[in-house]
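A.B. asks:
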Amino acid sequence: MSFSASIITLFPDLFPGPLGASVLGRGLSDGLWSLEARQLRDFATDRHHTVDDTPSGGGAGMVLKPDILARAIDTVSPPGDTRPRILMSPRGAPLTQARARQLALGPGAVIVCGRFEGVDQRVIDGRKLEEISIGDYVLAGGEVAAMVLLEAVVRLIPGVLGGADSHADESFENGLLEYPQYTRPQSFEGVDIPAVLTSGDHGKIAKWRREQSLALTRARRPDLPAAK
Ligand code: SAH
Numbered sequence: 001m002s003f004s005a006s007i008i009t010l011f012p013d014l015f016p017g018p019l020g021a022s023v024l025g026r027g028l029s030d031g032l033w034s035l036e037a038r039q040l041r042d043f044a045t046d047r048h049h050t051v052d053d054t055p056s057g058g059g060a061g062m063v064l065k066p067d068i069l070a071r072a073i074d075t076v077s078p079p080g081d082t083r084p085r086i087l088m089s090p091r092g093a094p095l096t097q098a099r100a101r102q103l104a105l106g107p108g109a110v111i112v113c114g115r116f117e118g119v120d121q122r123v124i125d126g127r128k129l130e131e132i133s134i135g136d137y138v139l140a141g142g143e144v145a146a147m148v149l150l151e152a153v154v155r156l157i158p159g160v161l162g163g164a165d166s167h168a169d170e171s172f173e174n175g176l177l178e179y180p181q182y183t184r185p186q187s188f189e190g191v192d193i194p195a196v197l198t199s200g201d202h203g204k205i206a207k208w209r210r211e212q213s214l215a216l217t218r219a220r221r222p223d224l225p226a227a228k
């Protein structure tokens, strides 16, 4: 069983978008993962296919109706579906590499993209939606956030990016930011590749990289535990 993503959205045509490019796109056509984007509006029952209504208690904007969204979730993810149900939300737990890795090892995800002012709290509680945020800023909708989440997850699915340990040194994987990378030419605008990297001494190279990672992490992200 490969990783299966189901997106509930008012803009299904946005998918796969960037997820269809490059190695993620190849993984998609090779069946290493699958994606379906479902139109929330198809679950509305009235003539106008209404999906939203004004906020109870007043205020600006519109709120996605719980009955329509619940019906969409129950259809896309019937009883027995073990995939986590996620709501993209600026109030959610910040997305981390650790959560991305957990999701990549699981059966997939059902992802709800909010729009307008958000969704009725009763569907968040009733369908046990895990709220995930991609950062402390507000987007117009959850679609781009869902793509960010999926891009972080799908590249970790075994086989999608190749080499099993190709992630080991990456930023956040060991709690540190990645060391600087170089490639040829040997000299660029008068600046040489650091000599240690062309020395062929793997012990020295590993040590240099570790030191660079630690220095960068301390300078830029003193909040990361590994910086302490
Ligand atoms: N009124 C809401 C914001 C609504 S933005 C609030 O103040 O919390 C509309 C939709 O965009 C949200 O329902 C959510 O699905 C998505 N969204 C906006 N910012 C996001 C973020 N930082 N991370 C994840 N999803 C986000």
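Per this note's numbering, the sequence shown starts with residue 1, numbered consecutively. All residues carry an ideal CB built from backbone N, CA and C; glycine is no exception.
Given a cut-off of 7 Å on the beta-carbon distance, is the pair Pro79 and Ala109 in contact?
C.D. replies: Mapped onto the sequence shown, residue 79 falls at position 79. Mapped onto the sequence shown, residue 109 falls at position 109. Not a contact, by the Cβ cut-off of 7 Å.
A.B. asks: Within 10 Å of its beta-carbon, does Met1 have 16 or more other beta-carbons around it, so buried, or fewer, so exposed?
C.D. replies: Taking the sequence shown and counting its residues from 1, the one referred to as residue 1 is at position 1. The residue in question, Met1, is exposed, as its Cβ has fewer than 16 Cβ neighbours within 10 Å.
A.B. asks: Let me have the residue list for the ligand SAH: C-beta closer than 6 Å to any non-hydrogen atom, ordered along the chain.
C.D. replies: This criterion selects Met88, Ser89, Pro90, Arg91, Cys113, Gly114, Arg115, Glu117, Gly118, Ser133, Ile134, Gly135, Tyr137, Val138, Leu139, Gly141, Gly142, Ala145.
A.B. asks: Leu10 and Arg127 - do their beta-carbons sit closer together than 7 Å?
C.D. replies: Walking along the sequence shown from the start, residue 127 turns up at place 127. Walking along the sequence shown from the start, residue 10 turns up at place 10. Not a contact, by the Cβ cut-off of 7 Å.
A.B. asks: Can you tell me the Cβ-Cβ gap for Tyr182 and Arg209, rounded? I've got them flagged as a contact below 8 Å.
C.D. replies: Residue 182 sits at position 182 when you count from the first residue of the sequence shown. Residue 209 sits at position 209 when you count from the first residue of the sequence shown. In fact, because the Cβ distance is near 11 Å, the residues do not count as touching under 8 Å.
A.B. asks: What three-state label does DSSP hand Ala152 in the structure shown?
C.D. replies: Numbered from 1 along the sequence shown, position 152 holds the residue referred to as residue 152. Helix, per DSSP.
A.B. asks: What are the residues that DSSP puts in a beta bridge with Ile134?
C.D. replies: To locate residue 134, count along the sequence shown from 1; it is residue 134. None, per the DSSP bridge assignment.
A.B. asks: Along the alpha helix (DSSP H) that carries Ser166, what are the first and last residues, could you check?
C.D. replies: One-based indexing of the sequence shown puts residue 166 at position 166. Premise fails: Ser166 is in no alpha helix (DSSP H) and is neither H nor E.
A.B. asks: What is the rounded straight-line gap between the Cα of Val160 and the Cα of Leu32?
C.D. replies: For the purposes of this step, residue 160 is taken as the residue at position 160 of the sequence shown. For the purposes of this step, residue 32 is taken as the residue at position 32 of the sequence shown. The straight-line gap from Cα to Cα measures roughly 7 Å.
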